[in-house]
Amino acid sequence: MRFNLLHAATTAALLIAAPALAQTASPEMMRGAGTVADVKAGTYKIEPNHTQVTFSVSHFGISPYAGTFSNASGTLTLDPAKPAAAKLDVTLPIASVQTTSDVLTGELKSADWFDAAKFPTATFRSTKVAQIAPDAVQVDGTLTLHGVTKPVSFRAKLFGAATNPMSKKASIGFLGRMVIRRSDFGVTKYVPVVSDETVLVINAAFELQ
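Quick note: the sequence shown uses this note's numbering, first residue 2, plus one each step.
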């Protein structure tokens, strides 16, 4: 009886705590400085040292596996009073790809995967922006990867808006998430044991010009 009571109490405590634990664990619960009201209108340039695009796939159905692209360039034209008028243009160098395996990193740059020599960049250009929350938008556009251009969409949430203490420039950051099928872009190596579905998490930093 004592064990049963202890088990019941422990289970109840875990059930009560679960929502709070889930919220604490969610990376989207992390917030930066400022609010939408602190965002200044104008043309922003990507700050490449703090902008990352991380891709994740299922590895043999056993574990997720991720890699990162960096050194992005591009611009964001934004007026917080007119979010639908925003324009985003981003370029990523394929050779910037990094993983925890030097061998795999080299393979990803090869013709078997992204073929960085033949297709040195990936680009995204927005075609439509729709506000879905006071601090979030859905961005539709075209993604060109591996020589193939396809329509895609993703959701982005304002992370922070403040003056960068190092550059002294008005800066904003966004957290975005996009899901694509890599086979749509001709990147088919090891599908389906390495998943076709690929999750892109975008940590983007911009500085006002």
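Every residue gets a Cβ at the ideal spot worked out from N, C-alpha and C, and that includes glycine.
For residue j and residue i, believed in contact at Cβ under 8 angstroms, the rounded distance
i	j	result
THR199	VAL37	With a Cβ gap of about 30 angstroms, THR199 and VAL37 do not count as contacting.
LYS158	PHE175	7 angstroms
SER127	LEU89	4 angstroms
THR52	ASN204	7 angstroms
LEU201	ILE181	7 angstroms
ALA34	GLY177	Actually they are not in contact, since the Cβ atoms of ALA34 and GLY177 sit about 19 angstroms apart, beyond 8 angstroms.
PHE207	TYR45	4 angstroms
VAL130	ALA82	Actually they do not touch by this definition, with Cβ atoms about 13 angstroms apart.
LYS169	LEU209	Not really, about 11 angstroms apart at Cβ, beyond 8 angstroms.
Residue i in three-state terms, based on DSSP
i	result
GLY142	strand
ASP116	coil
THR52	coil
PHE175	strand
PRO84	helix
ARG32	coil
ASN71	With the sequence shown as reference, residue 71 is identified as Ser, and Asn is not the correct amino acid for it. DSSP places SER71 in coil when its eight states are reduced to three.
ILE95	helix
VAL58	strand
VAL194	coil
VAL37	helix
SER64	strand
SER184	helix
LYS170	coil
THR78	strand
THR164	strand
Sequence-distant residues of the same chain with beta carbon closer than 6 angstroms to residue i, five excluded per side
i	result
GLN132	PRO84 and VAL138
PHE56	GLY68, THR199 and LEU201
ALA42	ASP80
ALA163	ALA34 and GLY35
ASN165	SER172
THR100	GLY68 and THR106
Beta-carbon contacts of residue i that lie in its chain and below 8 angstroms, excluding the five residues immediately before and after
i	result
VAL188	TRP114, PHE115, LEU146 and HIS147
VAL149	ASP185, PHE186 and GLY187
ASP136	THR36, VAL37, LYS158 and LEU159
GLY142	LEU89, PHE125, ARG126, SER127, THR128, LYS129, PRO152, VAL153 and SER154
VAL98	GLY68, THR69, PHE70, THR106, LEU109, LYS110, PHE115 and ALA117
ARG120	What sits at residue 120 in the sequence shown is Phe, not Arg. Same-chain partners within the cutoff: ILE95, LEU146, HIS147 and GLY148.
First and last residue of the uninterrupted alpha helix (DSSP H) at residue i
i	result
THR122	Run containing THR122: none in the alpha helix (DSSP H); it sits in the beta strand (DSSP E), 122–134.
GLY43	No alpha helix (DSSP H) contains GLY43, which is instead part of the beta strand (DSSP E) from 43–47.
THR106	103–110
Residue range of the unbroken beta strand (DSSP E) whose run includes residue i
i	result
GLY148	Unbroken run through GLY148: none, as it is neither H nor E.
THR1	Within the shown structure, residues of the chain are numbered from 2 to 210, placing residue 1 beyond reach of any answer.
Cβ shell of residue i (< 7 angstroms), same chain only, five flanking positions each side left out
i	result
ALA117	ILE95, ALA96 and LYS110
> Does the segment 61–75 come within contact of the segment 91–109, defined as at least 3 CB pairs closer than 8 angstroms?
Replying inline: The segment 61–75 vs the segment 91–109: in contact.
> Using 8 angstroms as the Cβ pair cut-off and three pairs as the minimum, do the segment 191–198 and the segment 50–65 touch?
Replying inline: Yes, they touch.
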